[in-house]
Amino acid sequence: MKMKKIVLCALCAGWMFFPVTVNSGIFACPDSQGILDTESIDLKGKLDPGPGLRSGGDVVTAEVRDNIIMALFHKDVGNLLVTLTNGVGETVYEATVNTSVQQQAFIPLSGLSSGIYTIAFTNGCGAMYGDFEI
């Protein structure tokens, strides 16, 4: 029995010194901006999360990431109408998001021409909106 313990200890000690190398194929990029450009959208306005929820912090945040907008819903405010309008006020995108189920939404920007756009998040309890450029 004592011999088995010695052999087991020797094997375990050997594994600690066994050289292991792993090549994950992932390399550092010297210019991280080249990987993913992001720009936060400064949202104004107010959405009331309703009674019983703490009022601190943003209800919705949004940022432009290359050719999409990523919207994050930090609190459940029910159904939100998400609209994008161009510089002359034409609606170019519209969707309803149920924040009870979905905590994020991806809004496509591909196919839109360059210019200033406004994104708005609205429901019966208020609205948040902000401008961005593509």
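Position in the sequence shown counted from 1, then plus 93, gives you our numbering.
Beta carbons are placed, not taken as given, at the ideal position from N, Cα and C, and that holds for glycine.
Because the structure is a prediction, the values reported are computed rather than measured.
Have a look at the DSSP bridge pairing and note the partners of residue i.
| i | result |
| --- | --- |
| residue 219 | 140 and 216 |
| residue 224 | 211 |
| residue 175 | 188 and 214 |
Around the Cβ of residue i, are there at least 16 other Cβ atoms within 10 angstroms (buried) or fewer (exposed)?
| i | result |
| --- | --- |
| residue 174 | exposed |
| residue 119 | Below a pLDDT of 50, predicted positions are generally treated as unreliable, and residue 119, at 41, falls in that range; no measurement from the model is reported. |
| residue 214 | buried |
Would DSSP call residue i helix, strand or coil?
| i | result |
| --- | --- |
| residue 184 | strand |
| residue 133 | strand |
| residue 152 | coil |
| residue 197 | strand |
| residue 157 | strand |
| residue 228 | Beyond the ends of the chain as shown, which are 94 and 227, falls residue 228; an answer cannot be given. |
Less than 8 Å between the CB atoms is what I'm expecting for residue i and residue j, so what's the real figure, rounded?
| i | j | result |
| --- | --- | --- |
| residue 141 | residue 218 | 4 Å |
| residue 156 | residue 133 | 5 Å |
| residue 209 | residue 187 | About 18 Å; that fails the 8 Å criterion. |
Give me the residue from the options with the minimum Cα distance to residue i.
| i | options | result |
| --- | --- | --- |
| residue 163 | 201, 194, 152 and 183 | 201 |
| residue 171 | 190, 177 and 161 | 190 |
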